Ligand SMILES: C[S@@+](CC[C@H](N)C(=O)[O-])C[C@H]1O[C@@H](n2cnc3c(N)ncnc32)[C@H](O)[C@@H]1O
């Protein structure tokens, strides 16, 4: 195993079973990526930090125990699939749903769940067409601007639920734009993997 994987697994401090599951995800992603471009080829060298650790940090930002965690626009499974793999150790979240419209990416997500023996629901649907999910936690990375994410939250987040949105350096501008049409409470948490990026922890999202 690479030094990078060793370092990340040490930081995560997860059980042997969870480590093995994350390694299965990494191996399958490296195998599938040339065919279906799950993550940008230029980031494969930093797969463990840029994608796996970046996703795992989100898991710890939720207040556990969590009932239903829904990840939208999951792509190759970041962050939602990593959350599902980490949940099997602690039984929180109880249920994980990933919504992704691309059929080939969904085939990958299902394959990882099957090979790791982890439960999860993959909805091959457009987020705006999937049945409302009443999520306790709604997560998304690299999907859409904050206003569009709030429209998705309006459909899929439970009234007392929390959204965890991973955002890049332009997050302040996105917050300002969203405040024109939405009211919301939020905390800003600096990313552990990229100091200019943040996780926006958002509650009470309402149209104004
Ligand atoms: C840029 S990728 C990010 C994937 C992953 N979250 C990540 O950070 O690696 C965006 C993903 O969202 C999916 N997507 C975009 N719009 C969607 C929609 N309206 N409904 C469902 N999936 C969507 C795309 O197919 C793609 O896999």
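Residue numbers (this note's numbering): 323 to 530.
No residue lacks a Cβ here, since even glycine has one placed at the ideal position from N, Cα and C.
Predicted, not measured: the structure shown is a model, and the values here were computed from it.
Asked, Found
"Span of the beta strand (DSSP E) around residue 515", "First-last for residue 515: undefined, no H or E at that position."
"Straight-line gap, residue 529 to residue 492 (C-alpha atoms, nearest Å)", "22 Å"
"Whole-number beta carbon distance between residue 475 and residue 456, since they are thought to touch under 8 Å", "So it is not a contact: roughly 12 Å between Cβ atoms."
"Exposed unless 16 or more other CB atoms sit within 10 angstroms - verdict on residue 376", "buried"
"Alpha carbon of residue 438 to alpha carbon of residue 345, nearest angstrom", "10 Å"
"Cβ separation of residue 508 and residue 463, assumed to be a contact under 8 Å, to the nearest whole Å", "Residue 508 to residue 463, Cβ: 16 Å. No contact."
"Local conformation of residue 394 per DSSP, three classes", "strand"
"Cβ contact check for the stretch 378–388 and the stretch 437–451: 3 or more pairs under 8 Å", "no"
"Under the three-state DSSP convention, the category residue 540 falls into", "Examination of residue 540 is not possible in this model, given that the chain is present from 323 through 530 alone."
"One or two residues paired with residue 487 in a DSSP bridge", "462 and 522"
"Selected residue, minimal CA-CA separation from residue 335, among 434, 408 and 367", "408"
"Near ligand 1: residue 449 beta-carbon under 6 Å from a heavy atom", "yes"
"Coarse secondary structure for residue 374, derived from DSSP in three states", "helix"
"Residue 595 Cβ short of 6 Å to ligand 1 heavy atom set", "Not covered by the structure: residue 595. The range shown for the chain is 323 to 530."
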